[in-house]
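Numbering (full-length UniProt numbering), first residue to last: 1 to 410. Structure, as structure tokens:
Here it is as structure tokens:
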């Protein structure tokens, strides 16, 4: 099968790109032909046989760049033309969309429609119901659903996008235009990594039939994981150090538990606050084998997020190494943690509840051991092999909608 993967970034920028490269590298090993379309960047390590990519979007320079911003991020003529050339050259059997709004833009959906090719899109965030794609108001530090039922004007009132009126106006306009035109109807199936995201988008009146949104949780590449019984006496947090991630709540809990050693791995605006707590060992950003070892050797990890997480990879990665997780009961987190079976859930933002759960688990080695074994068993259900089997079934379903209708590729 020839699969064209679309994503604005074609290098390891974040969690979405990790998902993309792990998934499609695996599919490539299974014999599928994979090509990519995205923005040009010196760090790109994938591309396409047509040698086409979107020009890098830089709106911080000349006056012309700034004035062209509203037009380029809503409808890109360049992206539409170039993806057409890629399709003509590669002749994909299916197109798998990821993140493309604002840089590549939904203009590509009009071009794809001309070729009558099956299209699947992974929903990495709630972009279709939130112009800022986070359902979070950073100014107020709270979750936000004010754009529900197409009320995207609230994005402008609150200057949601980077606290910029211009960017917020453009973001709201893009949402209004493409929802009104029904362009996302050109996608055959949407993959939601959590039940939460699907239900939240439907409750906010997303303009997609619910039967076109298929729940498929993220995967872990657990064949590379090395479980260890050599656990060390520390509790781990790894991830971004910012308010919406629940770091303030976690810090307060750490202070209440001075006899427990906590290790924080990550980076962000709250680094100084983290370093000010005596029983927190801050080790900065870690990756690769070093991070794997730190996760595997922890007694358990904490995922205290206070915003609407989708399907956080940090939880899956921790479980993959047999390290139980205490997570906040919000978003897609409770879909990954079975409370009192392989981990514990606590009320988001509740310092006392979190402190009680940490103290309980730290003092119960027999329960920790039981949770650890349960995590390893659960991780097998999130294997990349199982994920790709289900994904290929979705591709086949999308293909059924187009069978016998192809007109331009032959």
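All C-beta atoms in this analysis are idealised placements derived from N, C-alpha and C, irrespective of residue type, glycine included.
task: Go to residue 176, then tell me how far its alpha helix (DSSP H) extends in each direction, as first and last residue.
output: 165-181
field: Inter-residue Cα distance where the pair is residue 240 and residue 264
entry: Take the alpha-carbon of residue 240 and the one of residue 264: they are about 10 Å apart.
message: On a Cα-Cα basis, can you pick out the residue from 205, 195, 214 that is closest to residue 398?
response: 214
task: Leaving aside the five residues before and after residue 406 along the sequence, list all residues of the same chain whose C-beta is less than 6 Å from its C-beta, in chain order.
output: Caution applies to residue 406, whose pLDDT of 48 falls short of 50 and renders its modelled position unreliable; the value that the coordinates give is listed next. Within the same chain, residue 406 has close Cβ partners 116.
- request: Taking residue 131 and residue 194 to be in contact with their CB atoms under 8 Å, please state how far apart those CB atoms are, rounded to whole angstroms.
  value: The Cβ separation is near 21 Å, so there is no contact.
task: Report the residue from 125, 393, 42, 75 whose alpha carbon sits nearest the alpha carbon of residue 181.
output: 75
- prompt: How about residue 276 and residue 355: are their beta carbons less than 7 Å apart?
  reply: no
message: Helix, strand or coil, according to DSSP, for residue 97 in the structure here?
response: strand
query: Quick one: what does DSSP say residue 57 is sitting in, helix, strand or coil?
result: coil
query: Any contact of the region 196-203 with the region 150-160, i.e. 3+ C-beta pairs under 8 Å?
result: Output reads no: the region 150-160 does not touch the region 196-203.
message: Which of the three DSSP states is assigned to residue 408 in this structure?
response: No answer about residue 408 holds up, because its pLDDT of 44 lies below 50 and its placement is not dependable.
field: Other residues of its chain near residue 301: CB distance less than 6 Å, five sequence neighbours each side excluded
entry: 236, 318, 323, 325
- prompt: alpha helix (DSSP H) containing residue 251: first to last residue?
  reply: 247-256
- prompt: Excluding sequence positions up to five away, which residues of its chain have a Cβ less than 6 Å from the Cβ of residue 33?
  reply: 2
query: Of all the beta strand (DSSP E) runs that stay within the bounds of the UniProt domain "Glycosyl transferase family 1" (221-372), which reach a length of 3 or more residues?
result: 235-238, 262-265, 280-284, 300-303, 325-328, 343-346
query: Which residues bound the alpha helix (DSSP H) around residue 192?
result: Unbroken run through residue 192 is the beta strand (DSSP E), 189-192; no alpha helix (DSSP H).
message: Rounded to whole angstroms, what is the Cα-Cα separation between residue 127 and residue 297?
response: 37 Å
CB contact flag (residue 52, residue 86, <7 Å): yes
task: Hey, could you find the ends of the beta strand (DSSP E) residue 213 is sitting in?
output: 213-215
Own chain, CB closer than 6 Å to residue 156, minus 5 neighbours either side, in chain order: Answer for residue 156: 168, 169, 172, listed in chain order.
field: For residue 308 and residue 29, the rounded distance between their alpha carbons
entry: 34 Å
- request: Indicate whether at least one CB of chain C lies closer than 7 Å to the CB of residue 205.
  value: In summary, chain C is missing from the structure at hand, where a single protein chain is found.
message: One question on the structure: do residue 19 and residue 384 come within less than 7 Å of each other, judged by their Cβ atoms?
response: no
message: In the DSSP output, which residue or residues are listed as bridge partners for residue 37?
response: 6
- request: With DSSP as the reference, please indicate the residues paired to residue 122 in a beta bridge.
  value: 191
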